[in-house]
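Numbering (my numbering), first residue to last: 7 to 248. The C-beta atom is built at its ideal place from N, Cα and C for all residues, glycine as well.
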C-alpha cells in the first residue's frame with residue numbers, strides 16, 4: 007500500500023471514529039425488533055436508535071412539504087403546501103414560528119393535520135404516527151415498563167387522546183452566526199425524525215458527536231418523559247440531547 011493510500015485509509019478511519027453509529031431496528035407486524043439483545047441495551051443506553059422505514063411508507067410527500075411550507079402562499083386557498091408563515095393556524099396552540107436560530111418551524115397537533123396540511127402529507131404523518139406508537143410500546147417492552155401503566159402514563163396515546171404533533175423545520179444559512187437549532191432535549195416520550203441531509207448530532211458520554219446517516223431509516227429519540235417513567239427501573243434508559 008502506498009503512503010497516499012495509507013493516509014487516505016487512516017483519514018477514513020478517523021472520520022468513522024468521529025461519528026456515532028446508532029443501533030438499528032425494524033417494526034415487524036407491530037413489534038419492534040433489534041438484531042441482538044446488545045443492540046437493544048445500547049439503544050436504551052444511548053437514548054437513540056434507527057428504525058427502518060416500512061415498505062408501505064413513502065416519505066417523499068413529507069420531504070417535499072418541508073421544502074415549501076415556509077414560502078409565500080400562491081393565493082390559491084386549496085394550496086396547503088405554501089403560505090404557512092402567513093396562515094396563523096388559529097385552531098392550533100403551536101402553529102408557525104420564525105425562531106432566532108435559523109429555523110422556520112411549523113408544529114401542528116395530530117387532530118389538525120387534515121385541516122391544515124395537504125392530504126398526501128397527512129397520510130404520511132398518520133403512518134408515521136402508527137410507526138411511532140409501535141416503536142414506543144416496543145421500547146416500553148425493552149425497558150420493562152408495566153403493561154397496565156402504559157395507557158395511563160401516555161395519556162391514552164393509542165386512542166389518540168394524548169398529545170401527538172408533528173414538527174417541520176427548515177434551516178436557513180447565512181441569517182446569523184448560529185447554525186441550526188440550539189441544543190435541547192424534547193419534553194415528550196419519543197420523537198421520530200425524518201431527515202434527508204446530514205447535520206444531526208447528539209451529546210454522548212460528554213462529547214458532541216455527529217450521527218452517521220443510515221439510508222432508509224428514521225432516527226428515534228427517547229425524551230424527557232420516557233426517562234422520568236423509567237427512573238428507578240432495572241434497565242438503564244437515557245434521554246437524548248441533540
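### Message
Among 65, 114 and 43, whose alpha-carbon lies nearest the alpha-carbon of residue 169?
### Response
Residue mapping note: residue 169 aligns to position 163 of the chain shown, counting from 1. Closest by alpha carbon: 114.
### Query
So, residue 1 versus residue 56, is the Cβ gap smaller than 7 Å?
Because the chain here runs from 7 to 248, residue 1 falls outside it and cannot be looked at.
#### Entry: Spatially closest choice to residue 74 from 132, 210, 45 and 178, by CA coordinates
Indexing the chain shown from 1 puts residue 74 at position 68. When only C-alpha atoms are compared, the closest one is 178.
#### Entry: residue 1 versus residue 205 - alpha carbon distance
Shown here, the chain extends from 7 to 248; a query on residue 1 therefore has no answer.
### Task
Output the distance between the C-alpha atoms of residue 86 and residue 48, rounded to the nearest integer angstrom.
To locate residue 86, count along the chain shown from 1; it is residue 80. To locate residue 48, count along the chain shown from 1; it is residue 42. Cα to Cα, residue 86 sits roughly 41 Å from residue 48.
### Task
Please report how far the alpha carbon of residue 200 lies from the alpha carbon of residue 223, in whole angstroms.
Start at 1 with the first residue of the chain shown, and residue 200 comes out as number 194. Start at 1 with the first residue of the chain shown, and residue 223 comes out as number 217. Distance between the alpha carbons of residue 200 and residue 223: 8 Å.
### Task
Flag this pair as yes or no: are the beta carbons of residue 46 and residue 134 separated by less than 7 Å?
Numbered from its first residue, the chain shown carries residue 46 at position 40. Numbered from its first residue, the chain shown carries residue 134 at position 128. In terms of Cβ geometry, residue 46 and residue 134 do not form a close pair [threshold 7 Å].
### Query
In three-state terms, what does DSSP make of residue 39?
The residue given as residue 39 occupies position 33 in the chain shown. Here residue 39 sits in strand by DSSP.
### Start-to-end residues for the alpha helix (DSSP H) that takes in residue 119
Position 113 of the chain shown holds residue 119. Unbroken alpha helix (DSSP H) run through residue 119: 119-122.
### Message
Short of 6 Å in beta carbon distance, which residues of its chain neighbour residue 221, apart from the five on each side in sequence? Order them along the chain.
### Response
Translated into positions along the chain shown, residue 221 becomes position 215. Same-chain partners within the cutoff: there are none.
### Message
So, at 7 Å on beta carbons, what are the nonlocal neighbours of residue 67 in its own chain, with the 5 sequence-adjacent residues on each side left out?
### Response
Taking the first residue of the chain shown as position 1, residue 67 is located at position 61. Only 126, 127 and 130 meet the Cβ criterion.
### Task
Measuring alpha carbon to alpha carbon, tell me which of 120, 118, 117 and 101 ends up nearest residue 255.
Here the chain has residues from 7 to 248 only, and residue 255 is not among them.
### Task
With a threshold of 16 other CB atoms inside 10 Å of the CB of residue 203, please say whether the residue is buried or exposed.
Stepping through the chain shown from its first residue, residue 203 is reached at position 197. A residue is called buried once 16 or more other Cβ atoms fall within 10 Å of its Cβ, and residue 203, having fewer, is exposed.
### residue 117 classed as buried or exposed, judged by whether at least 16 other C-beta atoms fall within 10 angstroms
In the chain shown, the residue the question calls residue 117 occupies position 111. The residue in question, residue 117, is exposed, as its Cβ has fewer than 16 Cβ neighbours within 10 Å.
### Query
Where does residue 173 sit, in a helix, a strand or coil, going by DSSP?
Here residue 173 corresponds to residue number 167 of the chain shown, with the count starting at 1. In the structure shown, residue 173 sits in a strand (DSSP, three-state: E or B).
### Task
Just the C-alpha distance for residue 51 and residue 151, rounded to the nearest angstrom, thanks.
The residue given as residue 51 occupies position 45 in the chain shown. The residue given as residue 151 occupies position 145 in the chain shown. One C-alpha to the other measures close to 16 Å.
### Top-ranked residue by Cα proximity to residue 59, from 42, 81, 31 and 70
Start at 1 with the first residue of the chain shown, and residue 59 comes out as number 53. Taking residue 59 as reference, the option from 42, 81, 31 and 70 with the minimal CA-CA separation is 31.
### Task
Please state whether DSSP places residue 25 in a helix, a strand or coil.
Here residue 25 refers to the residue found at position 19 when the chain shown is read from its first residue. Residue 25: coil per DSSP, three-state reduction.
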